[in-house]
Each structure stands twice: as structure tokens, then as C-alpha cells.
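Chains as they are written, first to last, in this note's numbering: chain A, 34 to 464; chain B, 2 to 315.
What follows is one structure encoded as C-alpha cells, with my remarks underneath.
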Amino acid sequence: MTATTTPPATPPATPPATVPALDVDPFSHETLEDPLPMQEALREAGPVVHLPRYDLFAVARYAEVRAALVDWQRFPSSAGVGMSNFRHEEPWRPPSLLLEADPPHHDAPRAVLSAILGPRALRRLTDRWFADAEDLVAGLLDGAGATVELDGMTALAEAFPLRVFPDAVGLPPEGREHLLPYGDHAFNAFGPSNDLVAKGAPRVGELSAWVASQCAREVLTDDGFGAAIWAASDRGDITPAQAPLIVRSLLTAGVDTTVHGLGAVLHGLATHPEAWATLRARPERARVAFDEAVRWQSPVQTFFRTADVDVPIGGTVVPADRKILMFLGAANRDPRHWADPDRFDLDRDPSGHVGYGMGLHQCVGQHVARLEGAALLTALARRVERLEPAAAPVRHHNNTMRAFASLPLRLHLDGVTGPSPGRGRGGRRGR
Amino acid sequence: MESVDRLVVQEKTGAAEGVVALTLARPGGGRLPDWAPGAHVDLTLASGATRQYSLCGDRWDAHRYRVAVLRELDGRGGSAFVHDELAVGDTVGFGGPRNHFALVPSTRYLFVAGGIGITPLLPMVHQADLVGADWALLYGGRSRATMAFADELARHGDRVTVHPQDEGGLLPLASFLAGAGDDTVVYCCGPAPLLAAIEDATAHRPPHLLRTERFVAAELGAPVRDEPFVLELARTGATVTVGPELSVLEAARRAGATALSSCEQGTCGTCETPVLAGVPDHRDSILADHERAAGDCLFPCVSRSCTDRLVLDL
Ligand code: HEM
Ligand code: FES
């Protein structure tokens with residue numbers, strides 16, 4: 034199993050002179066701790082930038098990132114959406130049938146998952162997830178006094194997805210602790226073969242084997258997303274050989290992403306008291322608040338594409354077979370597109386952000402993510418009057434994700450201590 | 002912003018006797034929504050009626066759609082309009098694309114087309130060829146001269162059998178399907194009698210191995226309007242007039258609503274909004290027919306109103 038990337042054997046053609054070069058390392062610990070200065074430098078250097086350190090092309094402005102994302106014809110995904118070029122290097126695992134596939138192979142798996150994870154299909158989960166969120170919050174706050182200090186990551190951002198999502202997929206209870214480390218490694222593996230990839234390497238075999246074993250029909254409950262994927266293979270909409278790999282997509286892409294999405298929104302709300310006040314006054318904005326956090330922090334920071342032909346973009350040409358790195362996080366803070374982009378602002382309309390990507394591969398789980406976000410924020414807003422950082426957050430470094438290791442929070446509870454009795458779960462639940 | 006619900010006719014050419022092919026594009030030349038073989042678009046012609054046409058062009062060309070239109074025998078309605086009046090440079094209303102006839106993965110396919118039913122199958126055979134599947138096409142029509150795209154199919158050699166009725170009689174379905182094993186998916190599009198015949202001929206096989214689409218000549222749904230309508234936002238009571246230049250989403254925002262959106266082309270599902278009163282004019286790629294008919298939600302980034310007043314839960 035080869036995990037990663039080595040420089041191409043033949044020296045690449047020199048990039049066109051019109052492309053500015055910037056000697057930055059998007060995957061260094063310094064950048065991962067705070068990518069914003071590098072993102073700004075990339076945006077200001079030009080519409081397309083060459084990164085000599087990895088001999089890569091990069092786009093960081095909104096217009097070019099969006100254009101590259103939607104152009105599956107010229108920027109396909111089947112050569113990998115990480116730094117490694119599958120046309121020349123062996124992937125570390127069998128490629129995803131969604132993320133790392135192009136039409137026509139991408140069509141059937143995508144159609145099946147879109148239906149299973151679409152807003153109308155999720156309606157049956159809405160009430161349960163809102164109740165689960167209230168239950169989780171009650172468990173943390175009931176009888177705890179007027180203020181509660183907790184780690185927003187472990188107590189909320191990890192706890193909630195781990196409580197609802199594996200059940201929704203239909204996983205058995207045992208072994209779920211493998212989900213986060215597997216996802217963490219998978220998202221590291223999109224980057225260069227640095228120490229972060231090395232750190233995960235010893236457990237890759239064990240974790241991959243566990244994940245693969247969870248995708249089998251007989252392991253999954255008969256009422257979850259997993260069973261629905263297998264049912265699609267019974268109908269012939271996908272093949273039985275595809276079904277387990279499509280289940281795997283949910284396990285790889287569906288946990289860490291929402292964990293750090295929830296971390297992002299909790300961090301935003303804790304550091305912006307006016308945003309918390311807005312959410313309290315208008316809890317129906319929870320869904321928009323979550324998307325604003327996905328824009329502002331961009332839990333998935335980057336993805337790559339590979340030029341299929343010489344592709345003109347941003348006044349230059351990305352030569353065929355070369356990798357291009359799309360900075361979703363930088364695009365989501367491009368002042369050419371957003372007013373006051375560094376501000377987490379609940380009065381902003383974050384529509385059109387590229388935090389879930391855009392186009393054919395746009396996150397098929399985005400409605401799941403928003404539902405988790407809306408459920409948890411609604412439950413918190415019901416009981417917490419004020420939210421503030423209890424200490425500085427600690428970042429978790431990952432080659433693809435903008436993540437937190439811990440998020441110490443202090444929650445000031447509503448009114449008197451104890452549970453708030455008689456508060457019906459009325460009102461709209463976000464969609 | 003470029004109007005998302007109209008396309009301009011870029012080319013109009015004869016594809017066979019009684020069939021014209023239209024090339025359609027965004028008025029400003031932008032990318033069109035992605036599609037896959039089996040998809041159709043809803044086109045609204047000058048009469049205000051909406052007709053469905055299968056896409057039969059090249060999905061690797063993101064800027065153009067191709068559809069083929071048969072002049073129907075009674076010579077009325079939309080098809081006569083397309084043949085006799087619609088000209089290069091004209092625009093038509095547009096919704097979709099939608100796909101109820103997707104090509105499922107398989108190593109073997111048999112395709113059966115009757116007449117204009119070749120249109121959804123044309124991109125399917127190209128795709129089956131591309132992925133290296135084993136496939137064959139049986140293509141029937143009244144006479145050779147009426148059969149569109151036979152020339153484009155010629156390059157596939159003996160995988161394609163063109164079978165005009167005036168030369169060879171009815172389609173030899175039984176012999177064509179004789180070799181179909183459990184690994185073979187049969188696709189058929191054409192008039193109702195052909196579909197009935199193929200259902201009979203494959204009745205002994207698992208039902209999911211037959212996928213059909215009826216070529217519908219009927220005009221569908223409520224007539225679409227070009228006149229402005231009134232949009233009412235139920236949560237605030239605000240009203241706003243929506244003219245053809247404005248999307249419902251944009252109008253709702255101008256009236257003060259918070260409405261999250263993403264793709265703004267009716268594909269991602271982010272902007273789904275409950276409809277409280279009025280009849281939506283659906284233009285999205287998402288809803289199935291029965292969900293459209295229910296009329297209880299719409300995607301305001303592309304969809305509009307058939308009625309004078311549309312009330313949304315915003
Ligand atoms: C806040 C949470 C999330 C974020 C920020 C996020 C981000 C993304 C992004 C940026 C892409 C596009 C990849 C590309 O263009 O190459 C993507 C694709 C994908 N996501 Fe998510 N995601 C989230 C949650 C989820 C969830 C909850 C699931 C599963 C239920 C999921 C499953 C997938 C899958 C399967 C794809 C591949 C889709 C395709 O290639 O067609 N994601 N996601
Ligand atoms: S914004 Fe994507 S469907 Fe309306």
C-alpha cells in the first residue's frame with residue numbers, strides 16, 4: 034500500500050511565465066495552525082499561482098475556485114482529489130465511487146446517494162435528531178448550576194454526530210471509536226506524504242479493515258442509509274459490488290466533516306456574542322448560522338483536481354495532467370466576493386459559499402450536515418443564555434480539514450438552574 | 002444575473018423527414034446544468050405549454066443542449082410551432098434537466114428504439130461504448146428517411162441494427178432479446194405499442210432488468226405564465242411582484258426573507274421551500290413527478306408560479 038506522493042519522475046514543464054510563484058507550504062504545521070495569512074497571499078498573488086514547493090498550480094479566489102469546481106469535463110476527479118495523481122501513482126485505498134470518480138461512473142452512485150440523503154428523505158429523521166440534541170444538551174446541563182464549562186469538541190461537536198450519524202447509517206454499536214481516526218487519516222492522505230500521514234500510517238490497515246467490514250449488508254441494520262444503499266443494488270440502480278464502497282463514502286466523509294463543522298459554528302457563536310443573541314432571538318436561523326460557519330471556517334479547506342487537457346483559467350493555462358489545488362477556505366473569504374469576509378455574521382447570507390464544493394461533486398451529505406447543525410444549535414439556544422470561550426481553543430492539524438482539538442466553552446444557562454420545564458418543542462425545526 | 006429559465010436556439014437543422022434537431026444554449030453563453038443520458042428538459046414554447054424533450058447531445062459540451070422534435074401527425078400544438086415558426090435566435094422557457102430513465106451500471110445492454118424514441122438512447126449507446134460495455138441497439142421506424150441520427154450511429158457498425166418497417170416489417174424483438182442473460186439490462190423508448198411488446202417479450206425476466214420510457218406526445222401540466230405574479234411571504238406578510246426578469250428566490254430576498262441557497266440552478270436542494278398557496282411551476286432537477294404534482298414545495302432558485310399568487314413559508 035503506497036500512501037502518498039512522490040515528485041513526478043520526469044521534470045515537469047516550466048509553468049508559463051505569466052503565473053506568479055509563491056513559496057508557501059499549505060501543509061506545514063505553521064500554515065495549518067493559521068492558514069489565513071497564506072490564503073490572503075495566494076489570493077493577492079494572482080488568479081492562478083504556482084507553488085514551487087510541490088510544483089502545483091493553485092487557485093484561491095472565489096471566481097476561479099468555483100469555475101474549477103464545476104468544470105468536471107476539464108478538471109476531472111478520477112485522477113484523485115488529493116495531491117497524488119492516480120494516473121501515475123497507486124491510491125492508498127480503492128478509489129471512492131463518488132469523490133474520486135467522473136461521469137459516467139459517478140452517475141449511478143451519485144443518483145442513489147442524492148435520493149437517500151436528500152431533504153425529503155431526511156424528514157423522517159428530523160424530529161428524532163432534534164429530540165436527541167435536546168437530550169444530549171440536557172445531559173450536560175441539567176442540575177449543573179448557572180454556568181457549565183465543557184470542551185465543546187468532545188462534549189458537543191463530536192458527541193452529537195457520533196450519537197446520531199452511525200445509527201442513521203445503521204452501524205452496530207461496537208467499534209465506532211474507529212470512525213474519527215479513519216476519517217482523520219483519509220483527510221490527511223489528500224495532502225503530501227508529511228508527518229501527519231506518517232502518524233496515521235501504522236493504523237491504516239486496522240482502520241481500513243474495520244471500515245470495510247462495516248459496509249457489508251449483514252452488518253448493517255435494515256432501516257438505515259446503509260440498508261437503503263443495498264436496496265438500491267437490489268433494484269439494479271447500482272451493482273452489488275458498488276454498494277459497500279458507497280457505504281464507505283458515508284463513513285469516510287460523514288463524520289469528521291460535521292464534527293469540525295459543529296466545532297466551527299460553536300467557536301463562531303462563542304466568540305461573537307451578538308451572533309448568539311441573534312440566534313436566541315431567531316432560532317429558525319440555526320441552519321443559516323451553520324452554513325455561515327462552514328463558509329467562515331471551511332472545515333474542508335482544500336481539494337485537488339487534475340487538468341485533463343491544457344485548461345485556460347485566470348489568464349493562464351494549466352497544462353494537461355497537472356494537479357491544481359483549489360483553496361475552498363480562501364475562496365470563502367475572498368473580499369472580491371464577500372463583504373467583510375473575516376467576520377462571522379448571522380446577518381450575512383452565506384449562500385453560494387464553496388465550503389461544500391460546487392457542481393457535480395458538491396457535498397451529497399450537505400443536508401445531513403445542516404440538519405445536525407440545526408438540531409444542536411436549536412437545543413443549545415433553548416437553554417443557554419450566553420456562550421463564551423473558557424480558554425483559547427486548540428487547533429488540530431490535518432492536511433485537508435480546518436479542525437479543533439479542543440474548544441473550551443463556558444455556558445451561562447437561562448434563568449434558574451436546572452431543566453427548563455414545560456418548554457414544548459414547538460416552532461419550526463429548520464428544514 | 003443571467004436569466005436561468007430561458008434558452009436560446011443556436012441551431013435548427015433537419016435530422017430526418019419530420020424531425021428537427023435544436024441546439025440550445027444560455028443566452029449569455031454560460032454553462033448549462035449537468036445531465037446524464039436518459040435526461041429530459043422541459044421546454045415552454047410560445048403557446049405557454051410545456052413539453053418534455055430528451056437530451057441527445059454530448060454531455061462533455063457544457064454549453065449546449067441538443068434535442069430532436071418530431072412533427073406530430075395531427076400537426077397541432079408545440080411540435081408544429083417548433084417546425085414552422087421557431088427560429089434561430091428565439092428563446093424558449095426551460096426547466097430541468099430531470100432524469101427518470103437513468104442508465105444503470107451493467108456490463109451488457111440491449112437498447113430498443115422506436116422512431117423519435119431514439120433520442121434518449123443515443124447518448125446511452127455512446128456511453129455504453131465509452132465504458133466498454135457489451136451492447137446492441139435495435140432501431141425501428143416507419144421508413145429509413147424518417148429515422149433520425151442513423152448516420153451518427155453508423156460508426157458503431159454491426160452493434161446497431163436499423164430496421165425500417167416499410168422494408169422489414171415489425172421489429173424482431175424475440176430474436177434480438179434471445180441472448181439476454183441476467184447480466185443484461187434492456188432499455189426501450191418508443192410509442193406505447195412497442196413498450197407493450199417489449200414488456201411481453203421480457204415478462205419472464207426480473208422487472209428491474211427492463212427500463213422503459215414512453216415517448217409522450219401529450220402536453221403536460223398547467224400552462225406556464227410569462228406575466229408577473231404576486232409572491233407572498235407568509236411569515237412576514239410581505240408581498241412582492243415577480244416579473245420574468247426576477248427569480249422567486251431573488252424576489253423573496255428583496256422582500257426581506259432569509260433564504261439559503263447554493264447552486265441556484267435547481268440541482269442541490271438547498272433552497273427547498275414549503276408552498277402554502279398557489280400552484281408552483283416547477284423547473285428544478287430534483288422532484289419526482291408525484292412530488293411535483295403534490296405542489297407543496299418548490300425550489301425558488303428556478304421554479305415559478307402558474308397562479309396569480311404564490312404563498313411561501315418564508
Ligand atoms: C460540514 C460538513 C461537511 C463539509 C464541509 C463537507 C464538504 C464536502 C466537500 C467540499 C465536498 C466536495 C468534494 C469535491 O468537490 O471533490 C464533499 C463531497 C462529499 N461529501 Fe461532504 N461535507 C460535509 C458533510 C458530509 C456528510 C455529513 C456526508 C455524508 C452523509 C458527506 C458525504 C460526502 C460525499 C459522499 C461526497 C462526495 C460527493 C461526490 O463526489 O459526488 N459530507 N463534501
Ligand atoms: S439553490 Fe440549489 S436547488 Fe435551489
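Even for Gly, the Cβ is constructed at its ideal location relative to N, Cα and C.
Exercise. Closer than 7 Å, CB to CB, is B/D35 near chain A or not?
Worked result: Reading the second sequence from its first residue, position 34 is the one you call residue 35 of chain B. Chain A, which has a Cβ nearer than 7 Å to the Cβ of B/D35, makes this yes.
Exercise. Roughly how far, in whole angstroms, is the beta-carbon of B/C272 from the beta-carbon of B/L261, given that I think they are within contact range, below 8 Å?
Worked result: For the purposes of this step, residue 272 of chain B is taken as residue 271 along the second sequence, with counting starting at 1. For the purposes of this step, residue 261 of chain B is taken as residue 260 along the second sequence, with counting starting at 1. The beta carbons of B/C272 and B/L261 sit about 7 Å from each other, so the pair counts as a contact at 8 Å.
Problem set entry | Chain-ordered neighbours of A/S384 on chain B, where CB pairs are closer than 7 Å | For the purposes of this step, residue 384 of chain A is identified with residue 351 of the first sequence, where counting begins at 1. Chain B residues near A/S384: L261, S262, S263.
Exercise. Straight-line CA distance for B/P207 to A/H370?
Worked result: For the purposes of this step, residue 207 of chain B is taken as residue 206 along the second sequence, with counting starting at 1. For the purposes of this step, residue 370 of chain A is taken as residue 337 along the first sequence, with counting starting at 1. About 53 Å.
For this session: Please list, in chain order, all residues of the same chain as A/L420 whose beta carbon is under 7 Å from its beta carbon, the five residues on each side excluded.
Result: Position 387 of the first sequence, counting from 1, holds the residue named residue 420 of chain A. Excluding residues within five positions, the ones whose Cβ falls inside 7 Å are L302, A303, W309, L442, L444.
For this session: Would you mind working out which of A/T349, A/R107, A/P152, A/V292 sits nearest B/C298, comparing C-alpha positions?
Result: By 1-based counting over the second sequence, the position of residue 298 of chain B is 297. Nearest of A/T349, A/R107, A/P152, A/V292 to B/C298, Cα basis: A/P152.
Exercise. Closest by CA to A/T285, which one among A/E325, A/M434, A/L173?
Worked result: The sequence position of residue 285 of chain A within the first sequence is 252, counting from 1. Among A/E325, A/M434, A/L173, the Cα nearest to that of A/T285 belongs to A/M434.
Exercise. If you drop the 5 nearest sequence neighbours on each side, which residues of the same chain put their C-beta closer than 7 Å to that of A/F220?
Worked result: Start at 1 with the first residue of the first sequence, and residue 220 of chain A comes out as number 187. Counting only Cβ-Cβ distances below 7 Å, and skipping sequence neighbours, we find D289, N431, N432, T433, M434.
Problem set entry | Contacts around A/G208, its chain only, beta-carbon distance under 6 Å, and the 5 residues preceding and following it disregarded | Locating residue 208 of chain A in the first sequence gives position 175, counting from the first residue. If we look at A/G208 and ignore the five residues flanking it on each side, its Cβ neighbours are W243.
Exercise. Applying a beta-carbon distance threshold of less than 7 Å, which residues of chain A neighbour B/G270?
Worked result: One-based indexing of the second sequence puts residue 270 of chain B at position 269. By Cβ distance, chain A contributes G151, P152, H400.
Exercise. Any heavy atom of the ligand FES within a distance shorter than 6 Å of the CB on B/C302?
Worked result: On the second sequence, residue 302 of chain B is found 301 positions in, with the first residue counted as 1. B/C302 Cβ: within cutoff of the ligand FES.
Exercise. CB of A/V397 to nearest heavy atom of the ligand HEM: below 6 Å?
Worked result: Taking the first residue of the first sequence as position 1, residue 397 of chain A is located at position 364. In this structure, the ligand HEM has a non-hydrogen atom nearer than 6 Å to the beta-carbon of A/V397.
Exercise. CB-CB under 7 Å to A/A188, same chain, minus the five flanking residues each way: which ones, in chain order?
Worked result: To locate residue 188 of chain A, count along the first sequence from 1; it is residue 155. Result list for A/A188: L173, in chain order.
Problem set entry | Per-residue DSSP class, three states only, for A/W243 | Translated into the one-based positions of the first sequence, residue 243 of chain A becomes position 210. Residue state, collapsed to three classes: helix.
For this session: Within 10 angstroms of the Cβ of B/T242, are there 16 or more other Cβ atoms? Answer buried if so, exposed if not.
Result: Residue mapping note: residue 242 of chain B aligns to position 241 of the second sequence, counting from 1. So B/T242 counts as exposed.
Exercise. Quick one: complete alpha helix (DSSP H) runs, 4+ long, within the stretch 47-106 of chain B?
Worked result: 78-85
Exercise. Is A/F336 near the ligand HEM, judged by its Cβ being under 6 Å from some heavy atom?
Worked result: As a position in the first sequence, residue 336 of chain A is number 303, starting the count at 1. Yes - the ligand HEM has a heavy atom lying nearer than 6 Å to the Cβ of A/F336.
Exercise. If we ignore side chains and look at the alpha-carbon of each, how far apart do B/Q53 and A/D160 end up?
Worked result: Translated into positions along the second sequence, residue 53 of chain B becomes position 52. Translated into positions along the first sequence, residue 160 of chain A becomes position 127. Straight-line Cα distance between these residues: approximately 38 Å.
Exercise. Going by DSSP, which residues form a beta bridge with B/R310?
Worked result: In the second sequence, the residue the question calls residue 310 of chain B occupies position 309. The partner list for B/R310 (beta bridge, DSSP) reads B/V231.
Exercise. Taking 6 Å as the cut-off, does the CB of B/T271 come closer than this to any heavy atom belonging to the ligand FES?
Worked result: The count along the second sequence starts at 1 and reaches residue 271 of chain B at position 270. Yes, the ligand FES has a heavy atom inside 6 Å of this Cβ.
Exercise. What residue does the alpha helix (DSSP H) around B/R254 start on, and which one ends it?
Worked result: As a working note, residue 254 of chain B is residue 253 in the second sequence. Counting along the chain, the alpha helix (DSSP H) containing B/R254 begins and ends at 249-255.
Exercise. Cβ-heavy atom distance between A/H394 and the ligand HEM below 6 Å?
Worked result: Looking up residue 394 of chain A in the first sequence gives position 361. The answer is yes for A/H394.
Problem set entry | Beta-bridge partners of B/Y110, as assigned by DSSP | The residue you call residue 110 of chain B lines up with position 109 of the second sequence. Per DSSP, B/W136, B/V186.
Problem set entry | Chain-ordered neighbours of B/H209 on chain A, where CB pairs are closer than 9 Å | Reading the second sequence from its first residue, position 208 is the one you call residue 209 of chain B. Correct list: D267, R268, G269, D270.
Exercise. So is the beta-carbon of B/C319 under 6 Å away from any non-hydrogen atom of the ligand FES?
Worked result: No statement about residue 319 of chain B is possible, as the shown extent of chain B runs from 2 to 315 and does not include it.
Exercise. Is the stretch 233-251 of chain A close to the stretch 315-333 of chain A, with three or more CB pairs under 8 Å?
Worked result: no
Problem set entry | Any 3 or more C-beta pairs closer than 8 Å across the stretch 120-140 of chain B and the stretch 197-212 of chain B | Flag = no, the stretch 120-140 of chain B and the stretch 197-212 of chain B do not touch.
Problem set entry | Test: A/V92 CB closer than 7 Å to a CB of chain B | In the first sequence, residue 92 of chain A corresponds to position 59, counting from 1. Not one chain B Cβ lies under 7 Å of A/V92.
Exercise. Near B/G19, which residues of its chain fall below 7 Å by C-beta distance, leaving aside the five closest residues on each side in sequence?
Worked result: Here residue 19 of chain B is taken as the residue at index 18 of the second sequence, counted from 1. Cβ contact annotation for B/G19 (same chain, cutoff 7 Å, sequence separation greater than five): L71, R72, T147, in chain order.
Exercise. What does A/Q330 reach in chain B if we use C-beta pairs closer than 7 Å?
Worked result: Reading the first sequence from its first residue, position 297 is the one you call residue 330 of chain A. Neighbours of A/Q330 on chain B: none; closest Cβ ~17 Å, over 7 Å.
Exercise. Is there at least one Cβ from chain B nearer than 7 Å to A/D140's Cβ?
Worked result: For the purposes of this step, residue 140 of chain A is taken as residue 107 along the first sequence, with counting starting at 1. Yes, contact with chain B.
For this session: Indicate whether the contact test is met: 3 or more Cβ pairs, each with one atom in the stretch 25-42 of chain B and one in the stretch 97-112 of chain B, closer than 8 Å.
Result: yes
Exercise. Tell me the DSSP bridge mates of B/C298?
Worked result: Taking the second sequence and counting its residues from 1, the one referred to as residue 298 of chain B is at position 297. When DSSP reads this structure, B/C298 sits in a beta bridge with B/P275.
Problem set entry | Nearest to B/G31 (by Cα), restricted to the options B/D290, B/Q266, B/A69 | As a first step, residue 31 of chain B must be located in the second sequence, where it is residue number 30. Selected option, being the one with the closest Cα: B/Q266.
For this session: Under 6 Å Cβ to Cβ from B/A278, same chain only, skipping five residues before and after it: list those, please.
Result: Indexing the second sequence from 1 puts residue 278 of chain B at position 277. Excluding residues within five positions, the ones whose Cβ falls inside 6 Å are V312.
Problem set entry | Interface residues of the stretch 312-338 of chain A facing chain B [CB-CB below 8 Å] | R318, R320, V321, D324
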